[in-house]
Structures are given as C-alpha cells and as structure tokens.
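Written below as structure tokens is the structure these notes are about.
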Amino acid sequence: MRLLLVAALILTAVLLLASFASAESPVPNELGRVMILEYHKIDYPEERWTRTPENFRRDLETLYAHGYRLVALGDLLDGRITLPAGTTPVVLTFDDSSPGQFRYVEANAEVEIDPKSAVGILEAFAREHPDFGHAAVFFVLPAADPPNRLFNQPAYVGKKLRFLASRGYEIGNHTLWHANLGKYDETTVRAQIAGAQQWIQRHVPAYKPRALALPHGVYPKDVRWALSGSAKGIAYSHDAILQVAGGPAPSPFARAFDPVRLPRIQAIESELRHWLGYFEHHPGERFVSDGDPAVVTVPAGRRDRLRSDLGGLRVFER
Ligand SMILES: [Zn+2]
C-alpha cells in the first residue's frame, strides 16, 4: 500500500514537472508558419502606413516576450534556422527607405544614429536583448522623389548602406522609384531592377540583393523578368520575391514554401494583434525551433508535407 502511495506521488510529481516543462517551452514544429513583417514609415503620427517609434519598440518587446527571435531573410530562404529550442523565427522588412527608418543626427560634433529611427531602436534593443537577434531587410528606393530616396540624407547614403551591409542587415531591391512592374514591358522592368542594384553597388561594391519586394504588390507580366537577368551590363538574380500582404509564410521546409510568392504581414496594430493572437490560440500552426539546425522536427505523420529537397538536413518525427 505504501509502495502504491509512493508510486502515485512520484507519478504526480512527474506529471506536474512535465506540464511545467511544456508551459515553459513550446513543442518543436518546424513545419509551422513564419511571420514576415512589413514596416513602412517609422514616424509620427501613427497612421495606416506609419508606426511610431514607441509602437515599433513595443512591437519588438511583444515579439521577444512571446518567444519570437529575429532571423535574416537570407537564412530563412536557405533553411538555416539556428535558433534555440522553443523559439520562433520572425523576419522584419522595411519598404521604401523613408527617413524615419534610418537617420543620423549630429550632436556635439559627432554623428550618431537617431535612437528614434528604426535602426536606432533595433540597435538599442539588440544591445539590451542579445538573444533577440539582429536582422532586418531594407527594401530601398534609390531614385524615388524625396523623402523616400535612400532615407533622405544624401550626405550619409553610403555610410548608411555600408552600415546595414556590415551589421548583418540586408538590403533588398524595390526598383528604382517604386515602379508598378505590371505596367511596363520587359526592357523597362529589367532596367528598373538592374538600375536599383547598380545604385546599391555604387555605395556597397559587389553587393547583390537576394530579394525583390514588389512595389504595390504587382508582379510583372512575366515573373522571370524579376527573378534574374541583366540590363545595362548589370546582372541580377533574386532568390525571393515578396508580396505586400497574405498572412504568415509557410515554413521554409514545407512543400508549400514558394520563395517567388512570399506573403507578408503589414505591421500595423490590427494585423499584429490579429496574428500574434492567432498563434497564441493555434500554437500548432506556429514554427517552433527544435534547437538543432541539422534536424527538421515535424509532427508525427506530417513528413509528406516537407519539401523533397532538404539538402543534408535530417528529419525527426515527434
Ligand atoms: Zn513600397
């Protein structure tokens, strides 16, 4: 009888511990979906296409508290998810190179990054939370009318682009001046894309953007024009094309993952609240890392949803 009681006590303790453990660390699921967030202006006041610096900072805090960690778009495309077990990748993207995304201020004869610009907020947050990660893609416009021409500080354009490239951020193609690619012939589409890359390379030699974000979300008549080619002696090649909406992206390991049609979530209050809530209520839908970059952990019986070309990655069904 006493033995039974001891056994029951031990079982209760084990169950309690197990429930604590599952509350602490979500179950790995590397077939879950990934949010690619799309920011535009970081400025005042909060509007449809504007997030205030304070709200952007709060977004980072919310993501961090809910177990999200930043990954580079390039790493997502390569299926290189090196996050700790139990955490979820999220990708930040910034379109249109508006001034509040990256601003330098002059103070006491020094030049420093404006702590209220998106890059300043990201840098400060990464210093305070090194495990949050350090990544974002900036889809810049090199020849748009001011204020969207490369963050609108001509004297610092090179300094900014080189800072982004050297600090682990990525620079993406968004065409020369936000051209609606559906309206133009092949020659113009290719000139827009190659021309934008040429501008970026003028400041960061040999830099090759890996992704194009579609202005207005509009594809050219033939998607191949946007994927690779050359114009004016500049060769370009994109591994991904990003849309302007569409919800969370499929896992990069899933058969459904289509880098030519990557959906994004517009980072406005209502969308952020909706999708963060969605994944809280549907934890099984969310990509959760297993902590081992060499292994893809999937729910039992779901192996058939994986891509066939996983390179050298091993698959574990749990
Ligand atoms: Zn845009």
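Quick note: my numbering has the sequence shown finishing at residue 318, numbered continuously throughout.
Even glycine gets a Cβ: it sits at the ideal position worked out from N, Cα and C.
Mapping the DSSP letters down to three states, classify R33 as helix, strand or coil.
strand
| query | Is the Cβ of A191 closer than 9 Å to any Cβ of chain C? | reply | The structure shown contains no chain C; it is built from a single protein chain.
Opposite Y68 in the DSSP bridges: which residues? T88
Quiz item: Would a C-beta distance cut-off of 9 Å place F163 and A118 closer than the cut-off?
Solution: no
First and last residue of the beta strand (DSSP E) that includes E110? E110 to I113
According to DSSP, is Y39 helix, strand or coil?
strand
Pair within 9 Å by beta-carbon distance, H178 and L212:
no
**Study point:** For V157, three-class secondary structure by DSSP
**Key:** helix
| query | Assuming L242 contacts L214 under a Cβ cut-off of 8 Å, what Cβ separation, rounded to an integer in Å, is found between them? | reply | 7 Å
CB contact flag (D43, P89, <9 Å): no
Taking 8 Å as the cut-off, is the C-beta of F102 nearer than that to any heavy atom in ligand 1?
no
Point to revise | Own chain residues within Cβ distance below 8 Å of S22, not counting five before or after | key: The predicted position of S22 is uncertain, since its pLDDT is 46 and thus under 50; no value can be drawn from it.
I265 bridges to which residues according to DSSP? L37
Practice task
Take P263 and list the residues in its own chain whose beta-carbon comes closer than 6 Å to its own, dropping the five residues that flank it on each side.
Solution key: Q243, G246, G247 and A249
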